[in-house]
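Encoded as structure tokens, the structure appears first; notes follow it.
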Amino acid sequence: MAMRSWTIVAVLAVRTLSGQPVTVQGPQASVSVEELAARKAEIRASLAAKQAAKARIEAAALNKKIPDDPEVWMLLGESQLALGKLDDSEKSAQWMLDLKIGKADPEGWLFVAKIREAHKDYVGAMEAVTRAFEMTPVEKGADRAGILRFAARLAAKQGDVSGAARYRSEAIKAERR
Numbered sequence: 030m031a032m033r034s035w036t037i038v039a040v041l042a043v044r045t046l047s048g049q050p051v052t053v054q055g056p057q058a059s060v061s062v063e064e065l066a067a068r069k070a071e072i073r074a075s076l077a078a079k080q081a082a083k084a085r086i087e088a089a090a091l092n093k094k095i096p097d098d099p100e101v102w103m104l105l106g107e108s109q110l111a112l113g114k115l116d117d118s119e120k121s122a123q124w125m126l127d128l129k130i131g132k133a134d135p136e137g138w139l140f141v142a143k144i145r146e147a148h149k150d151y152v153g154a155m156e157a158v159t160r161a162f163e164m165t166p167v168e169k170g171a172d173r174a175g176i177l178r179f180a181a182r183l184a185a186k187q188g189d190v191s192g193a194a195r196y197r198s199e200a201i202k203a204e205r206r
């Protein structure tokens with residue numbers, strides 16, 4: 030099952046880059062690349078509007094159609110986290126990481142950090158934040174600054190006042206780049 034899923038994802042990426050229209054095939058349904066992108070955008074908009082219950086319903090429905098999309102798992106987990114369903118969000122994060130083996134991106138690691146922070150695992154959250162920071166290009170100063178502010182918050186929660194100040198200072202420098 031996992032091998033078939035990865036094959037689908039790989040074909041999707043290759044065909045999308047070449048500009049050909051693609052349909053994602055799953056066991057229950059098919060979704061066009063355009064529809065998939067639009068539905069993910071709707072879920073992100075619901076999360077941004079603090080409509081976590083709506084986002085969870087939308088993400089769960091999309092996850093049923095395309096269970097091998099790591100980004101959908103992340104969106105589902107984000108909505109679960111926003112609803113305070115820590116155990117469910119942790120399971121979604123694990124699915125996301127399992128599907129992204131060797132391919133985890135900064136956004137995925139930040140999601141893992143949020144879950145660890147919610148569980149008061151500040152050391153684990155800092156490890157995930159560090160991975161996200163290391164993967165973020167220097168040219169993305171605003172993104173790096175946001176990650177550094179997250180690190181500052183985690184340091185402060187651990188009682189590391191000087192570390193928090195150092196991260197905040199580095200965040201200001203990163204924004205100027």
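Mapped onto this note's numbering, the consecutive letters of the sequence shown carry residue numbers 30 to 206. Idealized CB from N, CA, C, for every residue including glycine. Just so it is clear, the structure is predicted and the values come from calculations on it, not from any experiment.
In the three-state reduction of the DSSP assignment, Val167 falls in the coil class, being assigned neither a helical nor a strand state. In this chain, the alpha helix (DSSP H) harbouring Lys143 covers Pro135 to Ala147. In the DSSP annotation of this structure, the continuous segment of the alpha helix (DSSP H) that includes Lys93 starts and ends at Ala81 to Lys94. If you draw a 10 Å sphere on the C-beta of Arg205, you find fewer than 16 other C-beta atoms in it, and that means exposed.
As the crow flies, the alpha-carbon of Gln109 is around 25 angstroms from that of Ala185.
Taking C-beta atoms under 8 angstroms as the contact rule, Leu104 and Ile144 fail to qualify, at a distance of about 14 angstroms.
Across the set His148, Pro135, Pro166 and Asp172, the C-alpha of Pro135 shows the shortest separation from the C-alpha of Ala157.
Burial check for Ser61: the Cβ neighbour count within 10 Å stays below 16, so the residue is exposed.
Comparing alpha-carbon positions, the option among Lys114, Ala74 and Glu163 lying closest to Leu139 turns out to be Glu163. With contact defined as three or more Cβ pairs closer than 8 angstroms, the stretch 166-179 and the stretch 193-204 are in contact. Pro166 counts as exposed, since fewer than 16 other C-beta atoms from the protein chains shown sit within 10 angstroms of its C-beta. By the beta-carbon neighbour count (other beta carbons within 10 angstroms, threshold 16), Gly113 is exposed.
For Leu112, there is no enclosing alpha helix (DSSP H), since its DSSP letter is neither H nor E. Its chain contains Met125, Leu128 and Lys129 as the residues whose beta carbon lies nearer than 6 angstroms to that of Pro99, once the 5 sequence neighbours on both sides are disregarded; these appear in chain order.
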